[in-house]
Amino acid sequence: MRQSRRSILQAGGLIGLAGLLPGQAVLAQQPAAKSPREPYAEMLADRLRFGWLGRSDVQEFISMMSDRHGLPRPWLESQFRNLGAQPRALALIAPPPPSPGDPPPRKRSWARYLSQHADASRTKEGKEFLARHREVFQSVANDSGVPAHIIAAIIGVETKYGSFTGRFPAVETLATLGFDSPRRSEFFLRELETLLVLGRQGIVNLKEVRGSFAGALGLPQFMPSSWQKFAVSYKNRGRPDLINSPADAIASVGNFLKMHGWKSGEASHSVAQVTEGADAKRFVAPQLEPVHTVAEIESAGIRQSNARLSAELKASLIDLPEEDDSVGYWFAAHNFFVITQYNRSFMYAAAVLTLSESLAAPT
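If you read the sequence shown in the working numbering, its first letter stands for residue -13, the second for the next number, and so on.
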């Protein structure tokens, strides 16, 4: 799990390629290496002038890992001995202040976000992905209660069905963010801890594993802690492999949503129609949960476009802003907010659900 860096910094266990705006669309929008690398390259070079093992904070981390997990100190030191750094990842997580003359940042836009994550090509490739793994999707949907098109849409938004899972060396990235990020360094340090444990267990190849600028891995872009907690092997065939096995990725996304309380058969959302004078803002979810009822919201002059949510169902509104400062609203019920446990962005969850509807529609 992302329309903004704010949602990354609030996220719990999932910060994938859909994290900024998200995915390869954002990485492609970054200027050539000069702009994002320069702010932190000199700082990192100075802090690493004697290598990672020359830092007292790294030595303390190694001691903690050895004591807590029983990992051999020589093995831990070998993971840092020839390790580089990732200033670009650091600049993406903690952007430096704008320079004089820089253009103002673009406003958030639901239409632009949606075009990046639920376009015709993603729908076409998603239907092919569903067909190619039909048996797996059916089995996972039966077990988890999560529809196949929802699972496919998450993988589609995250990595375009595995076609782009990230190019950042995961250990370097999490070490850089964990030891040197001015924001959420403790979070990234815990993720580095978990990644090293997964590597020692033989679940991931630490020398080769690559992921997002935030350290998310594989087709579903699980952070290491989410891999540890929620990844499952399809039909228990061995250790879950989220990097090379679409079946394991599908099963793991289904398991994640199931473990976060997905309610089988319950509608997730409905587009809202706001009558003139109605105060939609007061019904926007303050947290990632529904706090009103559909009937309460509708009584304030805010209607569903298709009446898919029953009157007694718990719901809140979510807001989807545009660059021209207009705002669209959706009714969001329990299952909508389950998806926000994957990524805390309203736009992300709305894009997943929009793509899922396209995937479920007849060809």
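Cβ coordinates follow ideal geometry from the N, Cα and C atoms, glycine included. Values in this document were obtained by computation on a predicted structure and should not be read as measured data.
Task: Bridge-paired residues (DSSP) for Gln259 - done: Arg289
Task: Ala335 burial status per 10 Å Cβ neighbour count (16 or more: buried) - done: buried
Task: Spatially closest choice to Arg176 from Asp32, Met245, His55, by CA coordinates - done: With distances taken between Cα atoms, Arg176 lies closest to His55.
Open item on the list: Between the alpha carbons of Ala19 and Ala337, how many angstroms are there, rounded?
Closed with: Per-residue confidence for Ala19 stands at a pLDDT of 40, beneath the threshold of 50, marking its modelled position as unreliable; the derived number appears in the next sentence. Cα to Cα, Ala19 sits roughly 29 Å from Ala337.
Open item on the list: On the DSSP bridge list, what partners appear for Arg196?
Closed with: Pro155
TODO: Alpha carbon to alpha carbon, how far is Leu303 from Asn128? Give it in angstroms, no decimals.
DONE: 30 Å
Open item on the list: Does the contact criterion of 3 or more C-beta pairs under 8 Å hold for the region 278 to 293 versus the region 255 to 265?
Closed with: Three or more Cβ pairs drawn from the region 278 to 293 and the region 255 to 265 lie within less than 8 Å of each other, which places the two stretches in contact.
Task: Per-residue DSSP class, three states only, for Tyr99 - done: helix
Open item on the list: Which residue wins for smallest C-alpha separation from Glu275, given the options Lys300, Arg268, Arg289?
Closed with: Lys300
Open item on the list: Three Cβ pairs or more, each shorter than 8 Å: is that satisfied between the region 236 to 255 and the region 307 to 325?
Closed with: yes
Task: Pro226, buried or exposed, once every other Cβ within 10 Å from all chains shown has been counted against 16 - done: Per the 10 Å Cβ criterion, buried.
Task: Opening and closing residue of the alpha helix (DSSP H) in which Met56 lies - done: In the sequence under discussion, the amino acid at residue 56 is Gly, which differs from the Met named in the question. Looking at the DSSP string, Gly56 is not in any alpha helix (DSSP H), and its letter there is neither H nor E.
Task: Endpoints, the alpha helix (DSSP H) within which Pro307 is located - done: Where Pro307 is concerned, there is no enclosing alpha helix (DSSP H), although the beta strand (DSSP E) it sits in stretches over 300 to 307.
Task: Contact check, Ala156 vs Gly197, beta carbons under 8 Å - done: yes
Task: Backbone CA spacing between Val313 and Ala77 [nearest angstrom] - done: Taking the straight line from one Cα to the other gives about 30 Å.
Task: Beta bridge counterpart(s) of Gln278 as assigned by DSSP - done: Sequence check: residue 278 is His here, not Gln. According to DSSP, which records beta bridges pairwise, His278 is partnered with Ala301.
TODO: Using only the heavy atoms of the ligand GTP, determine whether one of them is closer than 7 Å to the beta carbon of Leu30.
DONE: With respect to the ligand GTP, the structure offers nothing, as it holds no ligand at all.
Task: For Ile288 and Ala71, the rounded distance between their alpha carbons - done: 51 Å
Open item on the list: Can you look up Trp248 in the DSSP assignment and give me helix, strand or coil?
Closed with: coil
Task: 8 Å Cβ cutoff met for Leu228 and Gln65 - done: no
Task: Beta bridge counterpart(s) of Ala318 as assigned by DSSP - done: His255, Ser302
Open item on the list: Are the CB atoms of Ser342 and Thr109 within a distance shorter than 8 Å?
Closed with: no
Task: C-beta atoms of Gly87 and Trp248 nearer than 8 Å - done: no
- [ ] Could you name the residues of the same chain whose beta carbon sits closer than 7 Å to that of Ala27, not counting the 5 residues immediately before and after it, in chain order?
- [x] Pro73
Task: Same chain, Cβ closer than 7 Å to Leu69, five either side skipped, listed in chain order - done: Around Leu69: Trp38, Val157, Glu158, Ala161.
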